[in-house]
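K.L.:
When the letters of the sequence shown are read in order and numbered with our numbering, they come out as residues 13 to 508.
For every residue, glycine included, the Cβ atom is placed at its ideal position computed from N, Cα and C.
As the structure is a prediction and not an experimental result, all values here were calculated from the model.
The structure is given below, and queries will be raised subsequently.
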Amino acid sequence: MTNILYDALIAPHAQNNAAFLVLDDGTTMTYAGFVARVAQLAHVLKDAGVRPGDRVVVQAPKLSDTIALYGAAVQAGAVYLPLNTAYTQSELTYFIEDAAPAVVVCDAKDAGNVSAICGDNARVLTLAKDGSGSLSVQANDQPTRFDTVARRPDDLAALLYTSGTTGRSKGAMLSHKNLLSNAQSLTDLWQITKDDRLIHALPIFHTHGLFVAINTALLAGAQVRFMAGFDVDTIISEIPASTLMMGVPTFYTRLLGDARLTRDLVANMRLFVSGSAPLLAETHTAFEDRTGQRILERYGMTETNMITSNPFDGERLAGTVGYALPGTEVQITDNGQPVADGEIGMIEVRGDNVFQGYWNMPDKTAEELRDTGFFITGDLGIKADDGRISIVGRQKDLIISGGYNIYPKEIEDVINDVEGVLESAVFGVPHADFGESVLAAVVLEDASLTDEAIAAQVEPHLARFKHPRRYVITDALPRNTMGKVQKNVLRAEHSA
Ligand code: MCA
Ligand code: AMP
Numbered sequence: 013m014t015n016i017l018y019d020a021l022i023a024p025h026a027q028n029n030a031a032f033l034v035l036d037d038g039t040t041m042t043y044a045g046f047v048a049r050v051a052q053l054a055h056v057l058k059d060a061g062v063r064p065g066d067r068v069v070v071q072a073p074k075l076s077d078t079i080a081l082y083g084a085a086v087q088a089g090a091v092y093l094p095l096n097t098a099y100t101q102s103e104l105t106y107f108i109e110d111a112a113p114a115v116v117v118c119d120a121k122d123a124g125n126v127s128a129i130c131g132d133n134a135r136v137l138t139l140a141k142d143g144s145g146s147l148s149v150q151a152n153d154q155p156t157r158f159d160t161v162a163r164r165p166d167d168l169a170a171l172l173y174t175s176g177t178t179g180r181s182k183g184a185m186l187s188h189k190n191l192l193s194n195a196q197s198l199t200d201l202w203q204i205t206k207d208d209r210l211i212h213a214l215p216i217f218h219t220h221g222l223f224v225a226i227n228t229a230l231l232a233g234a235q236v237r238f239m240a241g242f243d244v245d246t247i248i249s250e251i252p253a254s255t256l257m258m259g260v261p262t263f264y265t266r267l268l269g270d271a272r273l274t275r276d277l278v279a280n281m282r283l284f285v286s287g288s289a290p291l292l293a294e295t296h297t298a299f300e301d302r303t304g305q306r307i308l309e310r311y312g313m314t315e316t317n318m319i320t321s322n323p324f325d326g327e328r329l330a331g332t333v334g335y336a337l338p339g340t341e342v343q344i345t346d347n348g349q350p351v352a353d354g355e356i357g358m359i360e361v362r363g364d365n366v367f368q369g370y371w372n373m374p375d376k377t378a379e380e381l382r383d384t385g386f387f388i389t390g391d392l393g394i395k396a397d398d399g400r401i402s403i404v405g406r407q408k409d410l411i412i413s414g415g416y417n418i419y420p421k422e423i424e425d426v427i428n429d430v431e432g433v434l435e436s437a438v439f440g441v442p443h444a445d446f447g448e449s450v451l452a453a454v455v456l457e458d459a460s461l462t463d464e465a466i467a468a469q470v471e472p473h474l475a476r477f478k479h480p481r482r483y484v485i486t487d488a489l490p491r492n493t494m495g496k497v498q499k500n501v502l503r504a505e506h507s508a
């Protein structure tokens with residue numbers, strides 16, 4: 013038995029002295045150095061009591077060691093569980109209790125809080141922004157070889173939480189085969205090779221920045237210009253020496269806002285990829301007018317990795333997400349039955365990319381993953397007669413702000429718990445920078461409650477990117493005859 017993910021992504025680089033991660037301070041981690049560091053960290057995990065199948069929670073800064081930790085979890089047969097660094101203690105408590113990890117790696121500044129959550133149930137290791145902390149101290153003395161733990165293709169490699177329409181986050185169980193098959197499809201389709209240099213400005217706790225970007229780079233042996241975060245100046249200065257960028261639509265609108273983005277600047281770039289949120293056709297067109305490059309839009313989900321992509325060679329059509337990836341089937345359905353080409357329906361997907369179900373939630377899994385293997389995405393789409401897919405809406409109540417998914421139910425639950433609030437409805441309105449932004453309509457029981465007071469009580473419970481940007485106090489929420497809140501009415505009223 014082998015470990016297909018480690019064997020494909022990491023093992024081949026043991027003697028590869030090419031640069032893998034090029035950091036903001038100019039230092040470089042070579043591929044061979046990465047393989048050695050992965051082994052050292054795998055020893056740390058093993059010594060900390062991690063056994064095959066155990067979860068390793070990581071809420072840590074974007075560092076080369078954080079990527080090596082992902083590799084280490086894979087090599088040690090563990091299940092990697094990355095978390096947004098913006099999550100508050102109350103959000104973190106839920107994830108740790110639900111996933112019951114053996115080890116939690118966190119920023120040194122959060123160690124006290126995290127230890128309080130974990131008690132004796134998990135070991136806590138630290139990794140600070142400057143790379144220091146107990147994780148690296150322990151790793152530095154370890155051997156640079158580790159006996160890779162064998163795993164079956166369907167064994168879990170990662171657990172990624174995705175918020176739910178019920179307000180409770182669900183852990184999407186991703187297997188070695190799920191991750192590897194998708195990395196292979198994307199690397200082939202986008203023709204990524206060792207000659208590529210990828211601009212990496214995404215966070216590494218989501219599918220886009222971790223699996224789409226890092227797994228494809230590892231598979232191809234490409235160089236990654238690994239940036240701490242999104243910064244227009246840094247990206248503009250790195251574009252001439254790079255060939256590839258992956259980003260959310262906000263990256264592209266922000267770049268378009270800078271006059272230095274020109275055809276000459278991007279002359280060396282061969283591919284710009286966009287995903288995680290709808291790319292407006294006007295952004296696509298404006299980017300082409302300015303640079304001569306047609307952004308390649310693709311579509312995916314945490315549960316499925318990438319599902320469709322516009323072609324590398326061929327027409328990249330604005331407003332469409334392209335064709336099902338090789339090995340991935342997409343059907344458009346109405347009540348579970350496929351509809352004719354050109355008709356709107358639910359997008360469903362099947363293939364090696366589709367997850368193994370939700371952690372500890374068999375009922376939720378059964379609701380969304382059919383016996384036939386098709387996963388019900390909650391996105392509404394149309395398939396043209398040549399197979400090209402366009403997303404036309406969402407059946408799930410979801411806001412996507414700057415590529416981050418925000419489920420209104422989770423926020424409404426927190427607002428409704430504020431003393432003096434009768435009920436609330438959270439909805440998204442168009443936003444020039446983030447695509448959508450969060451608003452809350454609130455009906456009060458206690459008329460003296462102010463929006464500042466509500467915001468202050470909501471704050472400790474939710475990561476900042478989820479906070480409503482505005483509270484609208486109203487006498488009643490608009491409802492249809494069935495009593496369902498009409499968020500489209502709220503959106504129309506407040507979009508300006
Ligand atoms: C930051 N803030 C936000 C967001 N990001 N508010 C709403 N939506 C956001 N996306 C808030 C912060 O809380 C802070 O608020 C203020 O903005 C400044 O924070 P800062 O970190 O400086 O912001 P930034 O660096 O400008 O970040 C914007 C960003 C970032 C670069 C667009 O959000 C980002 O990297 N987004 C990518 C997310 C991503 O990777 N998604 C992929 C998910 P305050 O001032 O109040 O404190 S994977 C996925 O969706 C699927 C599978 C797929 O298909 O890929
Ligand atoms: P996540 O919760 O991160 O798994 O987000 C997945 C959701 O992001 C999908 O169900 C879509 O609604 C949305 N999404 C991802 N890529 C695109 C895209 N290119 N266009 C429109 N929506 C997208």
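For the 8 Å Cβ check, are there 3 or more pairs between the segment 65 to 72 and the segment 102 to 119?
P.N.:
yes
K.L.:
Could you compute how far the alpha carbon of G179 sits from the alpha carbon of K478?
P.N.:
If you number the sequence shown from 1, residue 179 lands on position 167. If you number the sequence shown from 1, residue 478 lands on position 466. The straight-line gap from Cα to Cα measures roughly 13 Å.
K.L.:
Leaving aside the five residues before and after V404 along the sequence, list all residues of the same chain whose C-beta is less than 7 Å from its C-beta, in chain order.
P.N.:
Residue numbering aside, residue 404 sits at position 392 when the sequence shown is read from its first letter. For V404, the CB contacts under 7 Å within the same chain, skipping 5 residues up- and downstream, are I356, L392, G393 and I394 in chain order.
K.L.:
How many whole angstroms separate the CB atoms of S413 and V450, which I take to be in contact at a CB cut-off of 8 Å?
P.N.:
Along the sequence shown, one-based indexing puts residue 413 at 401. Along the sequence shown, one-based indexing puts residue 450 at 438. With a Cβ gap of about 6 Å, S413 and V450 count as contacting.
K.L.:
Could you round the C-beta distance between A298 and L273 to whole angstroms and report it? I think they count as a contact, below 8 Å.
P.N.:
Your numbering for residue 298 matches position 286 in the sequence shown. Your numbering for residue 273 matches position 261 in the sequence shown. In fact, because the Cβ distance is near 10 Å, the residues do not count as touching under 8 Å.
K.L.:
Going straight from the alpha carbon of L147 to that of D119, what length do you get?
P.N.:
On the sequence shown, residue 147 is found 135 positions in, with the first residue counted as 1. On the sequence shown, residue 119 is found 107 positions in, with the first residue counted as 1. Rounded to whole angstroms, L147 to D119 spans 10 Å at the Cα level.
K.L.:
Select from G399, L456, T219 and S321 the residue whose C-alpha is nearest the C-alpha of T174.
P.N.:
The sequence position of residue 174 within the sequence shown is 162, counting from 1. Among G399, L456, T219 and S321, the Cα nearest to that of T174 is on T219.
K.L.:
Could you spell out the range, first to last residue, of the beta strand (DSSP E) harbouring G390?
P.N.:
Counted from its first residue, the sequence shown places residue 390 at position 378. Note, G390: beta strand (DSSP E), F387 to K395.
K.L.:
Would you list the one or two residues that DSSP bridges to Y483?
P.N.:
Position 471 of the sequence shown, counting from 1, holds the residue named residue 483. Answer is A452.
K.L.:
From P420 to L410, what distance separates their C-alpha atoms?
P.N.:
Position 408 of the sequence shown, counted from the first residue, corresponds to residue 420. Position 398 of the sequence shown, counted from the first residue, corresponds to residue 410. Roughly 6 Å separates the two Cα atoms.
K.L.:
With distances taken between CB atoms, is the gap from D270 to I248 smaller than 8 Å?
P.N.:
Walking along the sequence shown from the start, residue 270 turns up at place 258. Walking along the sequence shown from the start, residue 248 turns up at place 236. In contact: D270 and I248 (Cβ atoms closer than 8 Å).
K.L.:
Using only alpha-carbon positions, find the residue among E103, I204 and Q235 that is nearest to T40.
P.N.:
By one-based count along the sequence shown, residue 40 stands at place 28. Measuring from the Cα of T40, the nearest candidate turns out to be Q235.
K.L.:
For the putative contact between A225 and T205, defined by C-beta atoms under 8 Å, what is the C-beta separation to the nearest angstrom?
P.N.:
Mapped onto the sequence shown, residue 225 falls at position 213. Mapped onto the sequence shown, residue 205 falls at position 193. With 8 Å as the limit, A225 and T205 do not qualify as a contact, their Cβ atoms being about 15 Å apart.
K.L.:
Below 8 Å, how does it come out for the segment 176 to 196 and the segment 369 to 381: are there three or more Cβ pairs, yes or no?
P.N.:
yes
K.L.:
May I ask you to report which of helix, strand or coil DSSP gives S197?
P.N.:
Here the question's residue 197 lines up with position 185 in the sequence shown. Correct three-state label for S197: helix.
K.L.:
If you drop the 5 nearest sequence neighbours on each side, which residues of the same chain put their C-beta closer than 6 Å to that of G385?
P.N.:
Counting from 1 along the sequence shown, the entry for residue 385 is found at position 373. Around G385: R362.
K.L.:
Looking only at DSSP bridge pairs, what is L130 linked to?
P.N.:
Here residue 130 is taken as the residue at index 118 of the sequence shown, counted from 1. Strictly speaking, residue 130 in this sequence is Cys, with Leu absent from that position. The partner list for C130 (beta bridge, DSSP) is empty, contrary to what the question assumes.
K.L.:
Just mark M494 as buried or exposed, buried being the case when its beta carbon has 16 or more other beta carbons within 10 Å.
P.N.:
As a first step, residue 494 is located in the sequence shown; it is residue number 482 there, counting from the start. Counting Cβ neighbours within 10 Å, M494 comes out exposed, since fewer than 16 surround it.
K.L.:
Using 7 Å as the cut-off, classify the Cβ of T377 as near or not near the heavy atoms of the ligand AMP, replying yes or no.
P.N.:
By 1-based counting over the sequence shown, the position of residue 377 is 365. No, the beta carbon of T377 sits no closer than 7 Å to any heavy atom of the ligand AMP.
K.L.:
Which same chain residues end up closer than 7 Å to L502 when comparing Cβ atoms and leaving out the 5 residues on each side of it in sequence?
P.N.:
Position 490 of the sequence shown holds residue 502. These residues qualify, in order along the chain: A437, F439, A453 and P490.
K.L.:
Is T262 a contact residue of the ligand MCA, with contact defined as CB to any heavy atom under 7 Å?
P.N.:
As a position in the sequence shown, residue 262 is number 250, starting the count at 1. It does: the Cβ of T262 is within 7 Å (strictly closer) of some heavy atom of the ligand MCA.
K.L.:
Which partner residues of K182 appear in the DSSP bridge assignment?
P.N.:
Indexing the sequence shown from 1 puts residue 182 at position 170. Paired residues: T174.
K.L.:
Taking Cβ positions, are T295 and P323 nearer each other than 8 Å?
P.N.:
Taking the first residue of the sequence shown as 1, we reach residue 295 at position 283. Taking the first residue of the sequence shown as 1, we reach residue 323 at position 311. It is not a contact, given that the beta carbons lie outside the stated cut-off.
K.L.:
Using C-beta distances below 6 Å, list every residue in its chain close to T314, excluding the 5 sequence neighbours before and after it, in chain order.
P.N.:
In the sequence shown, counting from the first residue as 1, residue 314 sits at position 302. In its chain, beyond the 5 residues on either side, L172, T174, A184 and T219 have a beta carbon closer than 6 Å to the beta carbon of T314.
K.L.:
Determine the direct distance from the alpha carbon of G304 to that of E360, and round the result to whole angstroms.
P.N.:
Locating residue 360 in the sequence shown gives position 348, where the first residue counts as 1. Locating residue 304 in the sequence shown gives position 292, where the first residue counts as 1. Going by the C-alpha atoms only, they are around 34 Å apart.
K.L.:
Figure out for me which residue from I211, Q407, R157 and K496 has the closest Cα to the Cα of A88.
P.N.:
Against the sequence shown, residue 88 aligns to sequence position 76. Nearest of I211, Q407, R157 and K496 to A88, Cα basis: R157.
K.L.:
In the DSSP assignment, find the unbroken alpha helix (DSSP H) run with V260 in it and report its ends.
P.N.:
By 1-based counting over the sequence shown, the position of residue 260 is 248. From DSSP, V260 is part of no alpha helix (DSSP H); its letter is neither H nor E.
K.L.:
For A20, I'd like the list of residues in its chain whose CB is within less than 7 Å of its CB, leaving aside the five on either flank, ordered along the chain.
P.N.:
Taking the first residue of the sequence shown as position 1, residue 20 is located at position 8. Within the same chain, A20 has close Cβ partners L192 and L231.
K.L.:
What residues are listed by DSSP as bridge partners for S321?
P.N.:
In the sequence shown, the residue the question calls residue 321 occupies position 309. Partner(s): R310 and Y335.
K.L.:
For S181, is the classification buried or exposed, using 16 other Cβ atoms within 10 angstroms of its Cβ as the cut-off for buried?
P.N.:
As a working note, residue 181 is residue 169 in the sequence shown. Taking all protein chains shown into account, S181 has 16 or more neighbouring C-beta atoms within 10 Å of its C-beta and is therefore buried.
K.L.:
Helix, strand or coil: which one does DSSP assign to Y99?
P.N.:
Along the sequence shown, one-based indexing puts residue 99 at 87. Y99: coil per DSSP, three-state reduction.
K.L.:
Report the start-end ranges of each beta strand (DSSP E) in the segment 406 to 449 that is 3 residues or longer and not cut off at the edges.
P.N.:
411 to 413, 416 to 418 and 433 to 443
K.L.:
Per DSSP, what kind of secondary structure is S402 in: helix, strand or coil?
P.N.:
Locating residue 402 in the sequence shown gives position 390, counting from the first residue. Residue state, collapsed to three classes: strand.
K.L.:
Return yes when at least one heavy atom of the ligand AMP lies under 7 Å from the C-beta of L410, else no.
P.N.:
What you label residue 410 is simply residue 398 of the sequence shown in a count that begins at 1. Yes, the beta carbon of L410 sits closer than 7 Å to at least one heavy atom of the ligand AMP.
K.L.:
Kindly indicate the opening and closing residues of the alpha helix (DSSP H) around P374.
P.N.:
In the sequence shown, the residue the question calls residue 374 occupies position 362. Looking at the DSSP string, the run of the alpha helix (DSSP H) that includes P374 is P374 to E380.
K.L.:
Which of the three DSSP states, helix, strand or coil, is assigned to E457?
P.N.:
By one-based count along the sequence shown, residue 457 stands at place 445. It is coil, neither helix nor strand.
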